[in-house]
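To keep things clear, I will list the structure first and then write my remarks on it.
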Amino acid sequence: MGKPPCCDKSNVKRGLWTAEEDAKILAYVSSHGVGNWTLVPRKAGLNRCGKSCRLRWTNYLRPDLRHDSFTPQEEELIIKLHQAIGSRWSVIAQQLPGRTDNDVKNYWNTKLRKKLSKMGIDPITHKPLSQMLFDYGSISSLPTIPKPLIGPFNKTSTPTPTMAKAQQPFSSGTNLGQQFQFQTPKKPHIFNEQPTTSSCSSSSINGGETVFHLAASSKQSNGIEPFSQRSEGSSSDSSFDSFVDALLEQDFEIKCSFPEILDGCFDY
DNA sequence: AAAGTACTCAACCGCAACGCC
DNA sequence: TGGCGTTGCGGTTGAGTACTT
Numbered sequence: 006m007g008k009p010p011c012c013d014k015s016n017v018k019r020g021l022w023t024a025e026e027d028a029k030i031l032a033y034v035s036s037h038g039v040g041n042w043t044l045v046p047r048k049a050g051l052n053r054c055g056k057s058c059r060l061r062w063t064n065y066l067r068p069d070l071r072h073d074s075f076t077p078q079e080e081e082l083i084i085k086l087h088q089a090i091g092s093r094w095s096v097i098a099q100q101l102p103g104r105t106d107n108d109v110k111n112y113w114n115t116k117l118r119k120k121l122s123k124m125g126i127d128p129i130t131h132k133p134l135s136q137m138l139f140d141y142g143s144i145s146s147l148p149t150i151p152k153p154l155i156g157p158f159n160k161t162s163t164p165t166p167t168m169a170k171a172q173q174p175f176s177s178g179t180n181l182g183q184q185f186q187f188q189t190p191k192k193p194h195i196f197n198e199q200p201t202t203s204s205c206s207s208s209s210i211n212g213g214e215t216v217f218h219l220a221a222s223s224k225q226s227n228g229i230e231p232f233s234q235r236s237e238g239s240s241s242d243s244s245f246d247s248f249v250d251a252l253l254e255q256d257f258e259i260k261c262s263f264p265e266i267l268d269g270c271f272d273y
């Protein structure tokens, strides 16, 4: 194991690729095929990291890639797969010929998350916001916050063993939820969905992240278990109250805009 | 027209898994 | 069995562009 020995970053070009560099990669691959990427820069005459070459090939130069817009069918499939397996972009991308995991991930982060949020659907749990608020609103007291859950996202959260390597293609017309007989640990998030870019910062509600760490740490049928099922915890604080108030206010606006979400029946 | 803000997406980073010796 | 190198993956960044004020 261990950290991969990457190129000497001070001596390799970084940033956007030029047409000339692309041509070198294409020429190399067409004559040698894809192989040891660490050798590619030297053999192809590129002043790039091998990893960067592999990424450029995988995400852009591969001849089987599509560069057109996502179709509504692809969009729907991404949403369903994300609901079933979470952010396992490589698995999702395998179901979309010509699309890369990076494509899917970017499309999700820039388009689909916002779309679901606007529809009143939580883009992580795929549950209606009103239902989640009902769950959280039913809590009479705030559970004690376990220390390991406080702070930034737990990057080490890994799929449960039963979900690993479920990479068989889906047969058409099957129930995706039944295809995936494993559970995906849902990552915590902030309700007011923003793209994860450097430009987003101040709009998250104070306390929200902590609250959703707790939400994410428990499971229900769809990966989240209501707080009311938790036995431990009892404290409350004003930041949580204001957070809940903000959520309730937001939910009220959503309900006004999308009354159909009240019956909990969704069609993406 | 200019400045500020939001959005998009290619590329990078770091970690873990894998395979070979 | 453990170390090393390579590959795969998901999260994040930031430059370029579009949009708004």
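Per this note's numbering, the very first residue in the first sequence carries number 6; after that it's consecutive. The beta-carbon is built from N, C-alpha and C at its ideal position, and this holds for glycine as well. Quick caveat, the model's predicted, so the values are computed rather than measured.
With at least 16 other beta carbons inside 10 angstroms of its own, Pro133 counts as buried. Membership of Trp94 in the alpha helix (DSSP H) is indicated by the continuous run Trp94 to Gln99. Annotation for Tyr112: the continuous alpha helix (DSSP H) segment containing it runs Asp106 to Tyr112. With a cut-off of 8 Å on Cβ pairs, the region 71–87 is in contact with the region 104–118, counting three or more such pairs.
Thr105 sits close to Leu70, with the two beta carbons spaced by under 8 Å. Leu51 is the residue among Leu51, Val96, Arg19 and His72 whose C-alpha sits nearest the C-alpha of Tyr33. Counting along the chain, Ile84 sits inside the alpha helix (DSSP H) bounded by residues Pro77 to Ile90.
Fewer than three beta-carbon pairs drawn from the region 71–80 and the region 21–40 are found closer than 8 Å, and the two stretches are therefore not classed as touching. Residues of the same chain with a CB within less than 6 Å of the CB of Arg53, apart from the 5 flanking positions on each side, are Val17, Lys18 and Pro46 in chain order. If you ignore the 5 residues before and after Gly55, its C-beta comes within less than 6 Å of the C-beta of Trp42, Thr43, Val45 and Pro46, all in its own chain and listed in chain order. By the Cβ neighbour-count rule, Leu21 is exposed, with fewer than 16 other Cβ atoms within 10 Å of its own. In this chain, the alpha helix (DSSP H) harbouring Val45 covers Val45 to Ala49.
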